[in-house]
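One point on numbering: in the numbering used here, the residue at position 328 of the sequence shown is 328, and numbering is uninterrupted.
C-beta: ideal position from N, C-alpha, C; glycine also.
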Amino acid sequence: MTKKWWKESIGYQIYPKSFMDSNGDGIGDLVGITSKLDYLRDLGIDLVWISPIFKSPQVDHGYDVSDYEDIDEMYGSKEQLKTLINEAKKRNIKIILDLVVNHTSDKHHWFQKALKNPESEYGKYYIFRRGTKDTPPNNWRGIFNGSAWEKVGGKDSDLYYLHLFTKEQPDLNWENPKLRREIYDMVNRWLDFGIDGFRVDAISHIKKDFTYKNIDVGRADGLYDKFDYYNNCAGIEDFLQEMKRETFSKYDCFTVGEVSFSTIKTLAEYAGVNGHFSSLFDFCHNQMNTNTSDMTQEEFIENLKTKIFEVQNNIDSETTLTHITENHDLCRNYERFIPKEDHNFYSKTLTGTFNFFMRGIPFIYQGQEIGMSNYVKKDISEFADPVTERKYSEMLAVGKSEKEAFDFTNFTSREHTRTPIQWNSSKNAGFTTGEPWFAVNPNYTEINVEDQLKDANSVINYYKNMIKVRRKYSEVFSYGHFKSLFEDVKGLLAYKRGDEIYVYNNFTPNEMTVKGDINKVILSNYSNTSHTKHEITLKPYQTLVFK
Ligand code: BGC
Ligand code: MG
């Protein structure tokens with residue numbers, strides 16, 4: 001198995017808007033991130049992914065880039081990024097940025113020029129197609145709902161452009177070699193600037209299958225919502241291998257792709273030995289949410305287990321996955337996996353641990369290390385994301401009541417992980433001296449970094465230990481084989497790494513006794529573990545790593 005620095009890394013995702021504000025404008029920024037590098041180093045992090053900081057009108061909070069070459073003023077400047085990178089280097093922390101190249105913002109000068117003349121050179125950077133005056137070119141539903149086409153040129157026009165996300169995010173035309181060259185040059189400029197790689201956004205959508213016209217879906221809005229015509233379509237590998245050849249492969253960098261609906265085969269194609277990227281997020285279990293599932297809690301966990309084991313047992317040893325349980329598009333992990341009445345220290349640490357020792361690179365999302373919670377809102381107007389608004393409206397449109405639509409939003413909204421980090425118990429949780437762009441969760445007086453660091457039994461100190469363990473046995477966790485255990489024991493998610501390390505996770509509120517010979521406990525969220533020579537009694541929501 002090939003050794004690489006990034007296979008041994010422990011990652012951390014920063015959502016810059018909500019991480020740390022240094023200038024009192026209520027928005028997190030680069031100087032704020034730099035001021036927290038010691039914090040990240042002390043936590044044990046050595047790889048940081050920063051969500052998009054490029055110039056953007058912020059319709060999709062930076063995932064709509066209007067200038068790839070510069071930093072948005074609200075985050076700072078290129079010089080400040082340079083300082084951040086240099087300071088990070090002193091602490092052995094690598095910095096990767098977010099590469100959003102499936103689409104740009106509609107305010108990008110390429111698109112502005114394209115709009116003026118869709119027949120021009122820049123028109124070919126995007127995807128313009130003719131439909132009729134009344135109907136778009138086909139009935140694709142966008143990923144953020146509604147038709148994926150937006151009409152241009154007035155009401156009698158038959159010309160439309162494609163946008164898989166919001167209409168302010170027109171899709172780029174990867175079939176155009178000139179556009180691809182622009183992207184590769186831009187990528188190389190950033191790598192030359194000194195960053196250590198990229199998280200690559202929505203990359204499985206860059207190839208579209210335009211053989212598709214209309215499909216009769218037999219549904220009121222007439223829109224077709226499977227991704228098969230614009231996700232991982234045949235031929236995408238040519239674009240991705242070309243990008244790798246022209247950019248990443250020339251640097252000792254780390255790249256991790258975001259791919260919708262991967263299978264064992266796609267995981268290997270994207271992140272295997274000749275993969276398009278160094279690694280790929282494994283989202284096999286991340287769309288699951290116990291609050292909105294029809295399954296019982298027991299079935300839910302069994303389902304989770306099946307999905308994880310299928311991937312972990314079957315990927316080849318060269319395929320390097322990246323594991324997350326939280327990011328800026330998901331709810332907090334224990335809110336998704338554990339019923340409300342059982343939210344506590346044990347369940348919070350369990351949901352941070354179960355995937356941390358699997359094969360692959362673990363990433364922690366900001367605030368996860370203190371067990372930050374969802375911030376349940378009282379009114380739909382308290383949410384800030386157009387996607388939330390859109391999903392809510394769609395639910396009303398299909399006949400759900402306001403309460404149903406609102407409850408669903410509160411259970412699933414991707415905005416729950418976007419509230420500012422709770423640094424301490426002072427005003428605005430120490431995130432800003434100004435007015436925060438997005439409301440701070442009022443529970444910051446109980447859940448915050450400063451108090452937890454002082455408390456030996458806190459979630460953050462558990463995370464620090466967990467990271468130390470992963471580092472101490474780095475060889476086994478980064479390169480050792482994986483074997484699932486006790487597949488039939490309900491509520492237990494257990495596996496073996498290498499020849500002698502075992503990870504047991506009891507996802508139930510009850511004690512359970514299972515086979516196991518403990519030689520040495522390496523990590524647990526309980527201070528005592530009851531065991532006899534050949535049996536271990538796991539406490540409710542206990543997680544246990546032992547030799
Ligand atoms: C990002 C989202 C974003 C979308 C469009 C993603 O998958 O993680 O936050 O809205 O791509 O760029
Ligand atoms: Mg600021």
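Bounds of the beta strand (DSSP E) holding residue 506 are 501-506. By the C-beta density criterion, residue 339 is exposed, having fewer than 16 other C-beta atoms within 10 angstroms.
Contact annotation, residue 541 with residue 342: C-beta distance approximately 7 Å; criterion of less than 8 Å satisfied. For the stretch 251-275, the full-length alpha helix (DSSP H) segments reaching 4 residues or more read 264-271 along the chain. The ligand MG has a heavy atom closer than 8 Å to the beta-carbon of residue 27.
Judged by their CB atoms, residue 93 and residue 41 are nearer to each other than the 9 Å cut-off.
Rounded to the nearest angstrom, the Cβ distance from residue 247 to residue 188 is 6 Å, consistent with a contact under 8 Å. Near the ligand BGC, residues with a Cβ at less than 6 Å from any of the ligand's heavy atoms are 60, 63, 100, 165, 201, 202, 258, 328, 329; the list follows chain order. The alpha-carbon of residue 76 is positioned some 14 Å away from that of residue 50.
Annotation for residue 22 indicates a beta carbon within 8 Å of some heavy atom of the ligand MG. For residue 87, DSSP assigns no beta-bridge partner whatsoever. The DSSP-derived three-state label of residue 243 is helix. In this chain, residue 334 is not harboured by any beta strand (DSSP E); it is covered by the alpha helix (DSSP H) spanning 333-337.
The C-alpha of residue 74 is placed about 29 Å away from the C-alpha of residue 150.
DSSP places residue 201 outside both helix and strand once states are collapsed to three, so it counts as coil. In the structure shown, residue 330 falls within a coil segment according to DSSP collapsed to helix, strand and coil. Sorting 421, 452, 182 by C-alpha distance to the C-alpha of residue 442 places 421 at the top. With a cut-off of 8 Å, the C-beta of residue 432 is classified as near the ligand MG, since at least one heavy atom of the ligand falls inside that distance. In the DSSP assignment, residue 364 falls outside any alpha helix (DSSP H) and within the unbroken beta strand (DSSP E) covering 361-365. Residue environment for residue 169: buried (at least 16 other C-beta atoms within 10 angstroms of its C-beta).
Out of 218, 195, 235, the CA that lies nearest to the CA of residue 210 is found in 235.
With a cutoff of 8 Å, residue 275 does not count as near the ligand MG, since its C-beta is closer than that to no heavy atom of the ligand.
Membership of residue 134 in any alpha helix (DSSP H) is not indicated, and neither H nor E is assigned to it by DSSP.
Look at residue 295: its beta carbon is at least 8 Å from all of the heavy atoms in the ligand MG.
For residue 32, the CB falls within less than 8 Å of some heavy atom of the ligand MG. When Cβ pairs closer than 8 Å are counted between the two stretches, the stretch 54-69 is seen not to touch the stretch 18-32, the count staying below three. Under the three-state reduction of DSSP output, residue 393 falls in the helix class. Taking a C-beta distance under 9 Å as the contact criterion, residue 387 and residue 227 do not qualify as a contact pair. Distances taken from the Cβ of residue 512 to the heavy atoms of the ligand MG include none shorter than 8 Å. A residue is called buried when at least 16 other Cβ atoms come within 10 angstroms of its Cβ; residue 218 does not meet this threshold and is exposed.
In the structure shown, the three-state DSSP call for residue 165 is coil. The stretch 247-258 makes no contact with the stretch 291-298; the number of CB pairs closer than 8 Å stays below 3.
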